[in-house]
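Numbering (my numbering), first residue to last: 276 to 492.
For reference, the structure is listed below as structure tokens.
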Ligand SMILES: *Cc1c(COP(=O)(O)O)cnc(C)c1O
């Protein structure tokens with residue numbers, strides 16, 4: 276199988292961070308964030324056998340991955356408009372940005388219509404930033420109860436994007452605590468600049484774009 280040096284470098288950093296945190300090897304999945312990248316940057320990573328990719332827009336993901344997604348896992352890591360819920364459910368295996376009741380209802384309706392229901396993460400706005408998607412921490416437990424209880428949606432875990440310019444560790448720690456008290460095992464946290472910190476705080480999925488593929492267009 277062809278080798279991708281940049282993929283190998285990120286996987287080696289993940290392995291070193293797992294070891295530094297005394298975590299078992301292989302517990303962290305790399306979500307390769309392919310948004311806004313040319314196919315020439317992505318193709319070598321696919322050819323090297325990587326299987327998990329993240330995108331932040333439904334239409335862009337459809338354009339990039341239609342006809343190429345056999346055997347891959349596609350994860351939506353950007354905010355999702357209710358009117359795109361059905362399209363997202365047909366493109367993505369996992370939606371990481373569930374954050375409101377209307378979207379949960381739209382995903383239920385999409386599943387009834389199409390028979391497809393992605394696995395789900397709830398996005399938590401740990402920094403309580405007004406411009407950012409996600410439930411605020413104080414509402415997280417009640418929201419999780421509603422979507423997992425009455426709506427029976429398959430929530431596997433939580434996702435967060437810490438505020439720019441703040442130490443990320445406390446946000447990762449907060450997300451891990453909310454997940455633990457709700458019995459959730461998947462934690463999507465950490466990007467190019469802070470994925471090793473996220474692994475120290477228990478990340479199971481790190482979302483790495485520019486450090487893997489280079490600067491975006
Ligand atoms: C773009 C993006 C990433 C990847 O960011 P890098 O800093 O390039 O690694 C990760 N998570 C989300 C939600 C993103 O939108």
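For every residue, glycine included, the Cβ atom is placed at its ideal position computed from N, Cα and C.
Predicted, not measured: the structure shown is a model, and the values here were computed from it.
Point to revise | Residue from 486, 485, 465 whose Cα sits closest to the Cα of residue 303 | key: 465
Exercise for review: Would you list the residues sitting across from residue 328 in a DSSP beta bridge?
Suggested key: 307, 349
Point to revise | beta strand (DSSP E) segment containing residue 431, residue limits | key: 430–434
Review point. Which whole-angstrom value describes the C-beta separation of residue 308 and residue 484, a residue pair presumed to lie in contact below a C-beta threshold of 8 Å?
Key: 3 Å
Point to revise | Proximity to residue 467 [Cα-Cα], best of 278, 279, 333, 284 | key: 284
Check your understanding: Sorted by chain position, which residues of the same chain lie with C-beta nearer than 6 Å to residue 499's C-beta, five sequence neighbours on each side aside?
Key -> Residue 499 cannot be examined here, being either before or after the span of the chain that is shown, 276 to 492.
Point to revise | Run of the alpha helix (DSSP H) containing residue 377, from where it starts to where it stops | key: 376–389
**Study point:** Contact test: residue 457 Cβ vs ligand 1 heavy atom, cutoff 7 Å
**Key:** no
Practice item. Name, in chain order, the residues that DSSP records as bridge partners for residue 463. Key: 434, 480
Check your understanding: Quick one: what's got a C-beta closer than 6 Å to residue 463's C-beta in the same chain, skipping five residues either side?
Key -> 371, 396, 434, 480
Review point. Buried or exposed: which applies to residue 477, given that a residue is buried once 16 or more other Cβ atoms fall within 10 Å of its Cβ?
Key: buried
Practice item. With residue 371 as the anchor, note down where its beta strand (DSSP E) starts and where it stops. Key: 369–373
Point to revise | Burial state of residue 454, where buried means 16 or more other Cβ atoms lie within 10 Å | key: buried
Review point. Taking residue 400 as the reference, which of 366, 330, 421, 445 has the closest Cα?
Key: 445
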